[in-house]
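A quick write-up on the structure given underneath.
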Amino acid sequence: MTESSTADRISRAALAILETEGPDAVSMRRVADAVGITPMAIYHHFPNREALLNTVTNQEFATFLSYIEKRPTRGSPETQLVSAMEAYIDYAFDRPRIFDYVFAEPRPGARRYPDDFRARRSPTLNPIADAVRDAMHTGRLRKDDVWEVALELWALTHGYVALYRAGRFNLPEKEFRALVRRALRRLIHGLKA
Numbered sequence: 009m010t011e012s013s014t015a016d017r018i019s020r021a022a023l024a025i026l027e028t029e030g031p032d033a034v035s036m037r038r039v040a041d042a043v044g045i046t047p048m049a050i051y052h053h054f055p056n057r058e059a060l061l062n063t064v065t066n067q068e069f070a071t072f073l074s075y076i077e078k079r080p081t082r083g084s085p086e087t088q089l090v091s092a093m094e095a096y097i098d099y100a101f102d103r104p105r106i107f108d109y110v111f112a113e114p115r116p117g118a119r120r121y122p123d124d125f126r127a128r129r130s131p132t133l134n135p136i137a138d139a140v141r142d143a144m145h146t147g148r149l150r151k152d153d154v155w156e157v158a159l160e161l162w163a164l165t166h167g168y169v170a171l172y173r174a175g176r177f178n179l180p181e182k183e184f185r186a187l188v189r190r191a192l193r194r195l196i197h198g199l200k201a
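So this is what it looks like as structure tokens:
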């Protein structure tokens with residue numbers, strides 16, 4: 009077995025445990041048992057649990073970006089931004105525990121606003137900021153701070169998702185999604201030039 013394939017198997021096992029049981033259940037011993045190696049063998053690939061979870065998290069950013077890429081990129085800036093935020097909701101509903109760990113829980117090494125975001129170290133917010141920047145450049149949105157507007161769109165969507173997952177809505181998923189779409193469109197209309 010090659011070193012990279014073992015590291016991949018370790019990452020996949022950690023991800024499976026994270027999704028089914030949450031981050032507290034991800035231990036080197038549990039992951040090793042799932043992969044069929046000794047716990048000490050993991051340390052040849054990952055120096056500690058945090059490094060393993062950071063690798064898994066970084067891989068999840070690529071997964072999340074694939075959700076955005078699956079959605080249409082044509083249409084007005086409003087349509088593009090709403091579509092990107094709907095991808096965020098899709099991800100949250102499809103991968104709830106991973107979503108919580110990646111986006112809703114304190115995590116070592118998590119990117120922080122403003123420095124990491126403005127330096128384009130956020131693979132998940134960069135596409136939103138790019139769409140906002142393009143809309144401002146073409147005059148469809150009024151000039152403003154690109155990163156603050158992108159963060160505002162994300163925060164609005166994240167807040168709705170967090171409240172929904174906490175049981176604060178008595179709406180079926182379809183109606184909840186329509187509610188968030190309306191909220192996003194109201195926000196974007198307020199930003200129009």
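Sequential numbering of the sequence shown, starting at 9, is according to my numbering.
The C-beta atom is built at its ideal place from N, Cα and C for all residues, glycine as well.
Note that the structure is predicted; figures quoted are calculated from it, not measured.
ask   = Between which two residues does the alpha helix (DSSP H) carrying residue 204 extend?
value = In the structure displayed, the chain extends from 9 to 201; residue 204 sits before or after that span and is not available.
query = Quick one: does residue 33 have its CB under 8 Å from some CB of chain C?
reply = The structure shown contains no chain C, having only a single protein chain.
task = Give a yes or no on whether the C-beta atoms belonging to residue 159 and residue 191 are separated by under 8 Å.
result = No.
key: Length of the line joining the Cα atoms of residue 140 and residue 149   = The alpha-carbon of residue 140 is positioned some 8 Å away from that of residue 149.
query = Whose C-alpha, out of 181, 132, 154, is nearest the C-alpha of residue 210?
reply = Look at the range of the chain in this structure, 9 to 201, and you will see that residue 210 is not part of it.
query = By how many angstroms is the C-alpha of residue 26 removed from the C-alpha of residue 70?
reply = Pairing residue 70 with residue 26, the inter-Cα distance amounts to about 17 Å.
ask   = Taking the alpha-carbon positions, what's the residue 151 to residue 145 distance?
value = Annotation: residue 151 to residue 145 spans about 8 Å, alpha carbon to alpha carbon.
Test item: CB-CB of residue 85 and residue 138 under 8 Å = Their beta carbons are not under 8 Å apart, which means residue 85 does not touch residue 138 by this criterion.
query = Taking the DSSP output, what are the residues bridged to residue 200?
reply = Per the DSSP secondary-structure output, residue 200 pairs in a beta bridge with 149.
DSSP state of residue 179 mapped onto helix, strand, coil = Residue 179 carries a coil assignment under DSSP once its states are collapsed to helix, strand and coil.
task = Throw me the rounded Cβ distance for the residue 97 and residue 39 pair, which I believe falls under 8 Å.
result = Contact doesn't hold; Cβ gap of about 29 Å is too wide.
query = Relative to the C-alpha of residue 167, which residue among 42, 47, 108, 28 is closest?
reply = Answer by Cα proximity: 108.
key: N- and C-terminal bounds of the alpha helix (DSSP H) containing residue 62   = From DSSP, the alpha helix (DSSP H) with residue 62 extends over 57-78.
key: CA-to-CA distance, residue 162 to residue 9, given in whole angstroms   = Low local confidence applies: a pLDDT of 46 at residue 9 is under 50, so the model's placement there is unreliable, and no value is given.
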